[in-house]
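A quick write-up on the structure given underneath.
Protein chains: 2
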Amino acid sequence: MASIYQTIFSDIEAKILAGEWQPGSRIPIEQDLVVQYGCSRMTVSKALSALVTRGMVVRRRKTGSFVALPQIDRTVMDIQDISTAAELAGHSHGHRILTRKIERLDAGDAKLLSEPVGAEILRLQCLHIVDGRPNALERRIIMLDLVPLAREEKFATMPPAKWLLEQVPWTKARHVIRAISADQATARLLETERGEACLNLVRQTWQNGRTVTYVEITHPGDRFQFAGCFQPAATWPTAGDR
Amino acid sequence: MASIYQTIFSDIEAKILAGEWQPGSRIPIEQDLVVQYGCSRMTVSKALSALVTRGMVVRRRKTGSFVALPQIDRTVMDIQDISTAAELAGHSHGHRILTRKIERLDAGDAKLLSEPVGAEILRLQCLHIVDGRPNALERRIIMLDLVPLAREEKFATMPPAKWLLEQVPWTKARHVIRAISADQATARLLETERGEACLNLVRQTWQNGRTVTYVEITHPGDRFQFAGCFQPAATWPTAGDR
DNA sequence: TAGTGGTCTAGACCACGGG
DNA sequence: CCGTGGTCTAGACCACTAT
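This is the structure:
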């Protein structure tokens, strides 16, 4: 049995999706919905809030609530940790730490990370192996002041991405995805040809404005892709999600 | 002035981020928070719901609410329409329709789209120009039964992606991002070299289980990247969002 | 000024699930 | 059983904004 606010949510969603209520058109005011559904105004409000979260409705004081105008063509992509993604897809996954050095941030990297020169870091290089073949080369910087435990961690059993998540919650992440040609060193490690198209992901992760880690992951183009399905997230569960 | 539920939200969020409340540990029960903040239980509940949406808290009947365990390393990436993205970044944007044919779906494409062979489609090829240089080659299929207006549309002023959004709301999208080497035809159109690393995005969009459009966009690797910042979305607006 | 959403209250009953 | 969250009510006052 669906709750009242879920019913209201679904009804309005259905009308919008069916085109019955066109973008920009007005939705009945809350008081009318209160009467129509025989519920309190707060229950109506909860349903409308969920529709706002989903980007289907906008609410304006004095003028009422409206079907949202068509969204810009933005959608959303999950980017998962390699080992988790591999596991979910039913592939074997291993990793090998190639480099592990405690250093101080030099001028170039400091600029890249927007962190002070001289800050203590752990620099890692790690090769990910999926189904027996190199699948990703990971170059990572971990800020040691925020993650002091990394100083002693050898990442023998758990890859750095996974380990970090158990240590430090993040509040913000920035991703950049590019296509690059493999240079000689990368090609050798990934067992591919120099010049091969590679998918290159850079991720910087913050906690409250402080950088936790900066990582660049390079995948051979013929062995990796990002894939993701997206449906706008509802505040509360909708019929289709159950 | 922050509302009460925003205050509660921020306070709890801060304690979790500071590590004061560790993952898995119990959060005060709602009644205690009611007393602590001198507000009604519903206000507390609203704050906790927002924390659940943000993935920082889990609530269980009988046992209480807890700090969520660390998330898997998934994060989220906005993928915008090229013209919109270019505008936002302050670049000029133009497009040129190279191909525009009404066809019926052949076996290969039908399998790709999981749509029936013979369905009527509009096949487009469109070159996007940003700051005077080719920036993307778009190959698109539009299902004409769902978007009949496309039959007459010439896409002279508005690129297909933007036009489609004004015609058809979507309920689900799937993305695949790969790195590929430019073949000769693509390289010529994008004014780059054959073999150049290119970023390749495939997007299929549905409305209630029916395909609306399928599009493959190829960007030269040296002229394009996806970039996105992410913070988990809150159910209700938080102080930082205003 | 008046219409509308934004927030809040002080209760209530129900649903779930551990003991 | 009974503690806890899930949902709901019937109001209330305030904030914003179009007119």
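Protein chains in written order, with full-length UniProt numbering: chain E, 1 to 242; chain H, 1 to 242. All C-beta atoms in this analysis are idealised placements derived from N, C-alpha and C, irrespective of residue type, glycine included.
8 Å or more divides the Cβ of H:His219 from the Cβ of H:Leu189.
In terms of Cα proximity to H:Val130, the closest of H:Ala107, H:Gly94, H:Glu103, H:Gln36 is H:Gly94.
Secondary structure of E:Arg188 (DSSP, three-state): helix. Rounded to whole angstroms, the gap between the alpha carbons of H:Pro148 and H:Gln31 is 56 Å. Residues of the same chain with a CB within less than 8 Å of the CB of H:Arg96, apart from the 5 flanking positions on each side, are Cys126, Leu127, Ile129 in chain order.
Look at E:Gly209: its C-beta is not under 8 Å from any C-beta on chain H. Check the Cα spacing between H:Met42 and each of H:Val67, H:Ile8, H:Glu13: the tightest is with H:Ile8. Close to H:Cys198, with beta-carbon spacing below 8 Å, are these residues of chain E in chain order: Ala179, Ala197. Between E:Ile29 and E:Gly64, the gap from beta carbon to beta carbon is short of 8 Å. Taking a cut-off of 8 Å for Cβ pairs, the stretch 7-26 of chain H and the stretch 180-195 of chain E do not touch, as fewer than three such pairs fall below it. Taking a beta-carbon distance threshold of 8 Å, H:Phe66 does not count as an interface residue toward chain E. By the neighbour-count definition (other C-beta atoms within 10 Å, threshold 16), H:His175 is a buried residue.
Cα atoms of E:Gly19 and H:Trp163: separation of roughly 16 Å, rounded to the nearest angstrom. Between H:Leu48 and H:Val34, the C-beta gap is not smaller than 8 Å, which leaves the two residues out of contact.
Here E:Asn135 is buried. Its C-beta has 16 or more other C-beta atoms within 10 Å. With 16 or more other CB atoms across the displayed protein chains lying within 10 angstroms of its CB, E:Ser181 is buried.
A residue is called buried when at least 16 other Cβ atoms come within 10 angstroms of its Cβ; H:Val212 meets this threshold and is buried. Annotation for H:Glu138: the continuous beta strand (DSSP E) segment containing it runs 133-143. Counting of Cβ neighbours within 10 angstroms places E:Gln36 among the exposed residues, the total staying below 16. Listed along chain E is no residue with a C-beta nearer than 9 Å to that of H:Gln22; the closest approach is about 10 Å. Residue contact with chain H for E:Gln225: present (Cβ-Cβ distance below 8 Å to some residue of chain H).
E:Gly132 and E:Arg223 have their C-alpha atoms some 12 Å from each other. Identification of chain E residues near H:Gly108 by a Cβ-Cβ cut-off of 8 Å yields none; the smallest Cβ-Cβ distance measures about 20 Å.
Only buried fits H:Gln204, as 16 or more other CB atoms lie within 10 angstroms of its CB. Below the 8 Å Cβ cutoff, chain H contributes Arg178, Ala179, Ile180, Ser181, Ala197 as neighbours of E:Gly221, in chain order.
If you look at H:Thr7, you'll find it in the alpha helix (DSSP H) that goes 4-17.
In the three-state scheme derived from DSSP, where H, G and I count as helix and E and B as strand, H:Trp163 is classed as helix. Given a length threshold of 4 residues, each whole run of the alpha helix (DSSP H) inside the stretch 104-132 of chain E is given here in chain order: 107-113. If you check the CB distance, E:Val168 and E:Leu201 do not come in under 8 Å. In this model, E:Arg61 and E:Val44 are separated by some 15 Å (Cα to Cα).
One alpha carbon belongs to H:Met143, the other to H:Gly195, and they sit about 32 Å apart.
In its chain, beyond the 5 residues on either side, Leu113, Ile141, Gln204 have a beta carbon closer than 6 Å to the beta carbon of E:Tyr214. Assignment of E:Ala197 by DSSP, reduced to helix, strand and coil, places it in the strand class. Taking 8 Å as the cut-off, the beta carbon of H:Glu152 is found no closer than this to the beta carbon of H:Arg123.
The Cβ atoms of E:Val67 and E:Ser25 lie closer than 8 Å to each other.
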